[in-house]
Structure formats: C-alpha cells, structure tokens
Amino acid sequence: MGFLEALNYPIYVAIFICVYSFLAIGLNVQWGYAGLFNAGVAGFFAVGAYTSAILTSPDVPGRLGGFGLPFIAGVAGAMLLSALVALPIGKICLRFRGDYLAIVTIGVAEAIRIFARSEEWITGSSRGIQNLPRPFGDLPYVYSQLAYLALVAAILLVVYLLVERQSASPWGRMMRAIRDNEVAAMAMGKDVPFRRLQAFVFGAALMGLGGALYAHLGRSITPEAIDPMIASFLIWIMVILGGSGNNRGVLAGVTIVWIIWTASEFVTDQLPMEYALQAKYGRIFLIGLMLQLVLRFRPNGIFPEFRPTQKDSRKPDKSDKA
Amino acid sequence: MLDFINFYVVPGIVTGSIYAFAAIGITLVFSIMRHAHLAHGDMATMGAYIALAASTMLGLPVYFALLLAIPLTAALAVGTDKLFYEHLRKKPKILTTMSTLGTALMLRSIVQVVWGVGTTSYAKGITRPNDWFGLKIKTNELITLLALAVVVLGLAAFLNRTRWGKAMRAMSDNRDLALLCGIDNARVITLTWLIVGGLCAISGFFLGINTEIKSMMGWNIILPAFAGAILGGIGRIEGALVGGLMIGLVEELSVLFIPTEYKAVSAFAILLLVLLVRPRGLFNGKII
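This is the structure:
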C-alpha cells in the first residue's frame, strides 16, 4: 500500500502529461504538418472541456445540462464541437498568410474565455461545472488514478498511431508539401485552402479531446482552468522544443516541458511568502525565454522531423563551417 | 443627445485614439517587417510603467515622464529586435510572429515581478471634466486627442517628405527593390523599431492616464489595435487612425446593444467581418 501511495504524485504528473499530449499532437497536426500558427489552443481546449462537462454532468437548476450522458458521448461531443468552432475560423483566416490566423485565434480564445465567465446558464460562469462523471471514479484514490492514467494513455496511443499513420499516408506528404512550398503544391493541383482547413479542424478536434479528458480528470471545469498561459503558450513550447512535425518528438517535448514546469512550481513553493508570488510571475518569463531560445538555437526541436533527403543537403553546410 | 455624446461618443473617441496610437505602430511593423507584432500591447504596458517609475522616482510631472519613457521604450524595441528577431529575418516570417509572442510574455512577466499585478494610476484622486457648453471633456482627454493629431501629422510628414521616411515606404512596398535602390534594409528596420517603440510608450501612457495602469492593460488592447490596423488597411497610417477611432467608438457604443462583458468581443467581431468582406481594409492596404 505504501508503495502505491508514493506513486501518487508521479501518476498525477503522468496523467497531465497525457492530457497535454492531446493538445500538443493537435497543435502538431496544425503547425507541424500544415504550418498554421494557432495561438489560441486554450480556446479549443475550453470548448472540448465545457462540451463534455455539459453533456455528462447531472442537472443543476438554471443551467443547461442534466443530459447525464456517458463519458464516451461527452468526449465525442467535445471533439465534434471543437471541430465545428474551428471550421468558420479556418474558412475566414486560411485564405491569408499565417499571421492573420495567429491574431484571430488569440481573439477566439479570449472570446471563449469571456463567454465561459459570463454565460451562467451554459457554463455556470465563475463556479464552473461540477460533479462530472469520472471513469473508474468509484475505486480508491490510487487505483482510480492508475485506472484513469491507463485509460488516457490508451486513448493517447490510439490517437498517436492514427496520426502517425495519417502522417505517413499521401495526405501527410501532401500537407508537408503545402507547408514547405505552397505555390508548387498548388501547381500540382492541390486545393491548398481546403487542405489547410482539414488540418486545422482535425487538430482542433484533438484539442477538444484533450479538454474533455482534462475536465473528467478533475470532475469539474472552471474558467481558471483555461488559462492561455498554460493551455496555449506552454503547449507551443512543448511542440517546438520537442520537434514540430515529429509526433514522438512532440511527446518528448510535452514530458520535458511539463516536468520542468511542475518542478519550477515546486521550487517557487519553497520560497518565503513574499517572494513566492513574484516567482510565480517570473515563471511566465521562463515560458517566453524558452520560446525565444528554442527559436534561436533549436528551431527544429530536440527531435527534428525526419526527412529522407536531409542528410545529403546537410553535408555542404558542415564543410562550410569547417 | 448631449448625454449620449458625453457618455458614449467622447469615451469612444478617447479609447479610439489610444487604439489608433497602437494600430499605427502595428501597421508599421506589419507592412515593413511583414510580421504581426504580438508584443505591441505588452510593450505599451512597459512604456506606461517606465513613465510611472520616472514620475514617482524622479518626481517628474507625468507628461515629462512620458518624454523620458518614449526614448527608453524605443531603445527597448530596438533591443528586442536585435536580440530575438534579427536572426530570424531570412526564415519564414511566422517564426518572427511567434518570437514576438515570447517577447510579450517576457515583458509582461518583468512588469508583474517589478511592479506587481495591482492597479495604480499616474495621479491620485478623480479629475473633474471641464464643461464646454455642455460637452464634458477632461483635460487629459483633450491632450490625448491633441497628441494623436501631432503624432499622425508628424509621422505623415516624415514618411512623405524625408529621405528616411521615403525609404521606409519603399521597403514596405517592395523590400528587394528597395535594397536594389541602395536602401539599407537593416537601418530602416532599426529606425522603424525606434518609431514603433516610441508609439508603444505613447499608447501605453495615454491608456494609463485615461483609465488605470495594470500589468494586463496592454495585452487587453492588442485585439482592438489589430482590428483597427486591419480595418484601416495594413500599411496605411491614415487607415490605422480611422480604424482605431472606429473600433473605439464601436466598443463604447456596443454596450447599448450587447451586455457589457462582451464589449471586448465587438472589436474581434469587426476584425472577422473585415477579413471576410474586405481584407484590404477601408484605405485599400496590403494583404501581407
């Protein structure tokens, strides 16, 4: 028993790593494969979390809900609605270059946050939505956590295999062609805006899935949980640091960044009260700096995307330096 | 009628001029450097806090503190460019946009660590508005409008009459052609960052003096400022002016029709509408 109890914290961290992996893989589909800068990951995460919460939570007077649907229906609904929200955004923005998408997705995330905070009858405003069902929630704490970890990890494995399969398929090659040379891809007869829209919507659905799993983990969702600092910007660092375009790299990125992030919280909690608060804001500096450093020194990430021709094109560079 | 003007139109124009200051900077970065400057809001916050520090620590009157904050923020803008953006010039521009997001987080964090997350203001107490035949306008609001006129006219004269201004416009039209004509791209970029940094300080300062100073103030105006720049047409100073003013007015007037919480969303709605219907904006700007 004591041994299992000691595992409490690692299990907790591992569940979070799995949940954020969905966001990171979703972002990798958008950024790594299609080159789309979605700066509002938190928005799609929130849509997923709230949708699943509304579909599965028990009835509360004055708030939409009480459907009491099973977990699986909530998750499916979350993915569907996130995709539906992404659809019009993508339609409007993907005709232009990436910067417009960045600005608009920041706006979407903000708008969704304001909506979550003010629409009492749908989202329960600041109190949020409570008492969500949780798979294996009836077991004792440690076993319940372990079972949830196994469930989330299993879903993650399925998603990972599917995305890998898709990436190796002609669709994946086409997306990378569009990302690397839009004009050439267009000349080959590819419908660039439509394909980008596909990638954007698909990525958003995965983010919604992550949101739903997050909500069921804590059995509740509140507006504080959809903080863009973590759910958007930290996810970005995970993806770029790990290696955009490479799902295994992205998963490694999630693990590394989340462990650094929780460890830094552990450190700041040890500080005396008056410094602890400032150190908390200092961690945001760390996010920004990490983003800059990765862009500067490791733009392809720790595990760069595998490209068959890369070896040949690298050789002249090395001889140049020498 | 007079109440309508005093309670909605005047605040709308004042808010709009703050957005216009920010939108002009955004439109300059967007058209000359060709990336979105997501750190614009947080750089404005930084400018506002530098002015606050100058006025409290050195005991300067607030408007003199602004004159000190402008060059300091301009230097900060050039510094971030040299540190973080210069090495990304030859790469896809979207990476620079991403890097500006990193800068935004770093600047905000510095403000929060040094000055905390509370709200403060340049002057204690409530200033009473002056009464101009029923029109109630505060002195600070008048100065804001006056400063906007000076900045816009000055910038227009600079861009249209001087050598360096013309170089900036040439680079915004066609970077390679400008380079072929002997325009030093690197120096034009530094000059642009100087101007943009100064504009950040001005917009942050006037936002602070007309509302309150807090660490999220700049990030909160980034969407309306971008909406203003795109509504006016990217690369158009006069467009950013008109666009910013219109966004400010719409935001203030929107509370007549939609709940107050959604005031911030109305700018975003206009942004989407412009991108959908007329992405070149009112003054036929560029699509980057």
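Top line first, the protein sequences correspond to chains B and E. Using numbering that gives the first Met the number 0, the first residue of the first sequence is number 0, and each one after it goes up by one. Using numbering that gives the first Met the number 0, the first residue of the second sequence is number 0, and each one after it goes up by one. Cβ coordinates follow ideal geometry from the N, Cα and C atoms, glycine included.
On a Cα-Cα basis, can you pick out the residue from M56(E), I17(E), N159(E) that is closest to A146(E)? Translated into the one-based positions of the second sequence, residue 146(E) becomes position 147. For the set M56(E), I17(E), N159(E), the Cα lying nearest the Cα of A146(E) is the one of I17(E).
Using only CA atoms, which one of I286(E), R127(E), S171(E), N5(E) lies nearest to G133(E)? For the purposes of this step, residue 133(E) is identified with residue 134 of the second sequence, where counting begins at 1. The shortest C-alpha separation from G133(E) is found at N5(E).
Closer than 9 Å, CB to CB, is M97(E) near chain B or not? For the purposes of this step, residue 97(E) is identified with residue 98 of the second sequence, where counting begins at 1. Chain B, which has a Cβ nearer than 9 Å to the Cβ of M97(E), makes this yes.
Since P70(E) meets chain B, which of its residues come closer than 7 Å, beta carbon to beta carbon? Within the second sequence, numbered from 1, the residue matching residue 70(E) stands at position 71. By Cβ distance, chain B contributes nothing, its closest Cβ being about 24 Å from P70(E), past 7 Å.
G34(B) beta carbon less than 9 Å from that of E109(B): If you number the first sequence from 1, residue 109(B) lands on position 110. If you number the first sequence from 1, residue 34(B) lands on position 35. Their beta carbons are not under 9 Å apart, which means E109(B) does not touch G34(B) by this criterion.
Buried or exposed: where does N7(B) fall if 16 or more other Cβ atoms within 10 Å of its Cβ makes it buried? Position 8 of the first sequence holds residue 7(B). So N7(B) counts as exposed.
Through-space distance from Y140(B) to A146(B), alpha-carbon basis: Here residue 146(B) is taken as the residue at index 147 of the first sequence, counted from 1. Here residue 140(B) is taken as the residue at index 141 of the first sequence, counted from 1. In a straight line, the C-alpha of A146(B) is about 10 Å away from that of Y140(B).
Given a cut-off of 9 Å on the beta-carbon distance, is the pair P227(B) and G39(B) in contact? Numbered from 1 along the first sequence, position 228 holds the residue referred to as residue 227(B). Numbered from 1 along the first sequence, position 40 holds the residue referred to as residue 39(B). Taking C-beta atoms as the reference points, P227(B) and G39(B) count as a pair closer than 9 Å.
is_contact[L230(E), chain B] using C-beta, thresh 9 Å: For the purposes of this step, residue 230(E) is identified with residue 231 of the second sequence, where counting begins at 1. For L230(E), the answer is no, since every Cβ of chain B falls outside 9 Å of its Cβ.
Would you call S231(B) buried or exposed, if buried means 16 or more other Cβ atoms sit within 10 Å of its Cβ? As a first step, residue 231(B) is located in the first sequence; it is residue number 232 there, counting from the start. With 16 or more other CB atoms across the displayed protein chains lying within 10 angstroms of its CB, S231(B) is buried.
In its own chain, which residues sit with a C-beta less than 8 Å from the C-beta of L250(B), not counting the 5 before and 5 after it? Start at 1 with the first residue of the first sequence, and residue 250(B) comes out as number 251. Excluding sequence positions up to five before and after L250(B), its CB lies within less than 8 Å of the CB of S20, A23, I24, Y159, G241, all in the same chain and listed in chain order.
Within the same chain, show all residues whose beta-carbon is closer than 8 Å to that of K189(B), passing over the 5 residues directly before and after it, in chain order. Counting from 1 along the first sequence, the entry for residue 189(B) is found at position 190. Within the same chain, and ignoring the five residues on either side of K189(B) in sequence, the residues whose Cβ sits closer than 8 Å to its Cβ are M173, A176, I177.
Just confirm the distance between the C-beta atoms of N129(E) and K123(E), as a whole number of angstroms; I'd bet it's less than 8 Å. In the second sequence, residue 129(E) corresponds to position 130, counting from 1. In the second sequence, residue 123(E) corresponds to position 124, counting from 1. That pair is no contact at about 20 Å.
Flag this pair as yes or no: are the beta carbons of V35(E) and D98(B) separated by less than 9 Å? Residue numbering aside, residue 35(E) sits at position 36 when the second sequence is read from its first letter. Residue numbering aside, residue 98(B) sits at position 99 when the first sequence is read from its first letter. Here residue 35(E) turns out to be Ala, not Val, going by the sequence shown. With a cutoff of 9 Å on beta-carbon distance, A35(E) and D98(B) are scored as near each other.
Any 3 or more C-beta pairs closer than 8 Å across the segment 157-177 of chain E and the segment 39-59 of chain E: By the C-beta criterion, the segment 157-177 of chain E is judged not to be in contact with the segment 39-59 of chain E, since fewer than 3 inter-stretch pairs fall below 8 Å.
Would you decide whether D41(E) is buried or exposed? Buried here means 16 or more other CB atoms lie within 10 Å of its CB. Residue numbering aside, residue 41(E) sits at position 42 when the second sequence is read from its first letter. Its Cβ being crowded by 16 or more others within 10 Å, D41(E) is buried.
Please state the DSSP three-state secondary structure of I182(E). Position 183 of the second sequence, counted from the start, is the residue given in the question as residue 182(E). Three-state result, I182(E): coil.
Taking its Cβ as the centre, do 16 or more other Cβ atoms sit within 10 Å of A235(E), making it buried, or is it exposed? As a position in the second sequence, residue 235(E) is number 236, starting the count at 1. Residue 235(E) is actually Arg in this sequence, not Ala. Buried, since its Cβ has 16 or more Cβ neighbours within 10 Å.
Is the shortest distance between the beta-carbon of F43(B) and the beta-carbons of chain E less than 9 Å? Locating residue 43(B) in the first sequence gives position 44, counting from the first residue. Contact of F43(B) with chain E is not assigned, every C-beta pair being separated by 9 Å or more.
In chain B, what lies closer than 9 Å to S171(E) by C-beta? Looking up residue 171(E) in the second sequence gives position 172. Correct list: empty, because the minimum Cβ distance to chain B is about 15 Å.
Rounded to the nearest angstrom, what separates T299(B) and H86(E) at their Cα positions? Position 300 of the first sequence, counted from the first residue, corresponds to residue 299(B). Position 87 of the second sequence, counted from the first residue, corresponds to residue 86(E). The question names Thr, but residue 299(B) in the sequence shown is Asn. Counting only the Cα atoms, H86(E) lies some 15 Å from N299(B).
Check each residue of the segment 151-176 of chain B: if its Cβ is closer than 8 Å to any Cβ of chain E, include it; give the result in chain order. Nothing from the segment 151-176 of chain B brings a Cβ to less than 8 Å from some Cβ of chain E.
For my contact list, A214(B) and A52(B) are in at a C-beta cut-off of 8 Å; report their separation, rounded to the angstrom. Walking along the first sequence from the start, residue 214(B) turns up at place 215. Walking along the first sequence from the start, residue 52(B) turns up at place 53. That pair is a contact at about 5 Å.
In chain order, which alpha helix (DSSP H) runs of at least 4 residues are fully inside the segment 80-132 of chain B? Those alpha helix (DSSP H) runs which fall completely within the segment 80-132 of chain B and span 4+ residues are 97-117, 119-122.
May I ask which residues mark the beginning and end of the beta strand (DSSP E) holding L135(E)? Residue numbering aside, residue 135(E) sits at position 136 when the second sequence is read from its first letter. Before going further, note that residue 135(E) is Lys rather than Leu in the sequence given. Per DSSP, K135(E) belongs to the beta strand (DSSP E) from 134-136.
In whole angstroms, what separates the C-alpha of A211(B) from that of L67(E)? What you label residue 211(B) is simply residue 212 of the first sequence in a count that begins at 1. What you label residue 67(E) is simply residue 68 of the second sequence in a count that begins at 1. Between A211(B) and L67(E), the C-alpha separation is close to 50 Å.
With respect to the alpha helix (DSSP H) encompassing W218(E), which residues constitute its N-terminal and C-terminal limits? Taking the first residue of the second sequence as position 1, residue 218(E) is located at position 219. Unbroken alpha helix (DSSP H) run through W218(E): 216-231.
Run through DSSP, which three-state label would T119(E) get? As a working mapping, residue 119(E) is identified with position 120 in the second sequence. In this structure, DSSP gives T119(E) an extended state, which the three-state scheme calls strand.
List the residues of chain E whose Cβ lies closer than 7 Å to the Cβ of Q291(B), in chain order. Numbered from its first residue, the first sequence carries residue 291(B) at position 292. By Cβ distance, chain E contributes F83, S98, G101.
Counting beta carbon pairs with one atom in the segment 87-96 of chain E and one in the segment 265-279 of chain B, are three or more of them shorter than 8 Å? By the Cβ rule, the segment 265-279 of chain B does not count as touching the segment 87-96 of chain E, because fewer than three pairs are nearer than 8 Å.
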